[in-house]
Amino acid sequence: MLGILSPHLPMELIALVLSSLSIAGLIIAGLLLRGYLPSYVAEKGKNLASKEDLAHLTDLVESVKALHTSELERLKADLLAESQVTERRRRVYEEMCTALQVFISGHGETLEMKDRFHAAYAAAWLWASDRVLVPLNHFIALQVQHTADPASVDQSILKGAYTAIVVEMRKDVGFGSTVATGSDYQFVQF
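Position one of the sequence shown corresponds to residue 156 (the numbering used here), numbered consecutively onward.
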């Protein structure tokens, strides 16, 4: 019987040795992986989290950048519109100053000057601020009163009302902190 088992014995022995070696190899590999694999997986996890965080931060930065870009464009458009209004007001105020000469003695009251005043007054109602329209209307009311009864309104009051308009126009077109006052304005006659 021993002769019958002997050809199988080396095969069984070889299988046993190979199984033992496989188990020993798996144990050694397991021990190596047990020390290395958790740190590898943890590092991979950190890298993946960092990539996700970076992608999120990049999206956040891009959305903030887009918001600021659109806000900047809106501000530019507002400033451009405000600049155009201020420039238009300057032209209207220059014309109004010239047209108001119709009320200053010595400058004549021609039909052309009256028409020029009416056109400038209409433009002022479109473009002038309330800060300018209030003294302008006060001045015109004084002129109407003066025309009806010249003795009812003194020339110094008319001049003060006139210069109040000019000072407010200056403030309205960018000289808000002007130190010039109505008394600084000089009326010159030739």
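Ideal Cβ placement from N, Cα and C applies to all residues, glycine included.
With 16 as the cutoff for other CB atoms within 10 Å, does Glu323 come out buried or exposed? By the neighbour-count rule (16 or more Cβ atoms within 10 Å), Glu323 is buried.
Nearest neighbour of Tyr248, chosen from Ile169, Thr318 and Asp339 [CA to CA]: Nearest Cα to Tyr248 within the set Ile169, Thr318 and Asp339: Thr318.
Could you tell me the boundaries of the alpha helix (DSSP H) in which Tyr340 lies? Run containing Tyr340: none; DSSP gives neither H nor E here.
So, using beta-carbon positions, are Gln300 and Val289 closer together than 7 Å? no
For the region 270 to 285 and the region 244 to 258, state whether three or more C-beta atom pairs, one from each stretch, are separated by less than 8 Å. yes
Taking the alpha helix (DSSP H) that Gln298 belongs to, which residues open and close that run? Asp285 to Ala303
Which ranges does the beta strand (DSSP E) cover as unbroken runs of at least 3 residues, wholly within the region 190 to 240, from first to last along the chain? none
With C-beta atoms as the reference, is Ala254 less than 7 Å away from Ala275? The answer is yes: Cβ separation under 7 Å.
Whole-angstrom C-beta distance between Phe294 and Ile320, which should lie under 8 Å: Cβ-Cβ separation between Ile320 and Phe294: approximately 6 Å, consistent with a contact (criterion under 8 Å).
Evaluate Phe330 with the Cβ neighbour count: other Cβ atoms within 10 Å of its Cβ, from every protein chain shown; 16 or more gives buried, anything less gives exposed. Answer is exposed; the Cβ neighbour count stays below 16.
Would you kindly report the start and end of the unbroken alpha helix (DSSP H) that includes His334? Note that residue 334 corresponds to Val in the displayed sequence, not to His. Where Val334 is concerned, there is no enclosing alpha helix (DSSP H), given that its DSSP letter is neither H nor E.
Taking just the CA atoms, how far does Leu187 sit from Asp208? 31 Å
Comparing C-alpha positions only, which one of Leu266, Asp304, Phe258 and Glu250 sits nearest to Ala279? Glu250
For Leu160, I'd like the list of residues in its chain whose CB is within less than 6 Å of its CB, leaving aside the five on either flank, ordered along the chain. Only weak support exists for where Leu160 lies, its pLDDT of 49 falling under 50; the coordinates are left without a value.
What is the C-beta distance between Ala316 and Arg325, in whole angstroms, given that I count them as a contact (C-beta under 8 Å)? With 8 Å as the limit, Ala316 and Arg325 do not qualify as a contact, their Cβ atoms being about 16 Å apart.
Compute the Euclidean distance between the alpha carbons of Gly180 and Ala210, then round it to the nearest angstrom. Within the model, the alpha-carbon separation for Gly180 versus Ala210 is close to 42 Å.
Return the Cβ separation of Ile312 and Leu297 in integer angstroms, given the expectation that the two are a contact with Cβ distance under 8 Å. About 7 Å; that satisfies the 8 Å criterion.
Mapping the DSSP letters down to three states, classify Gly329 as helix, strand or coil. coil
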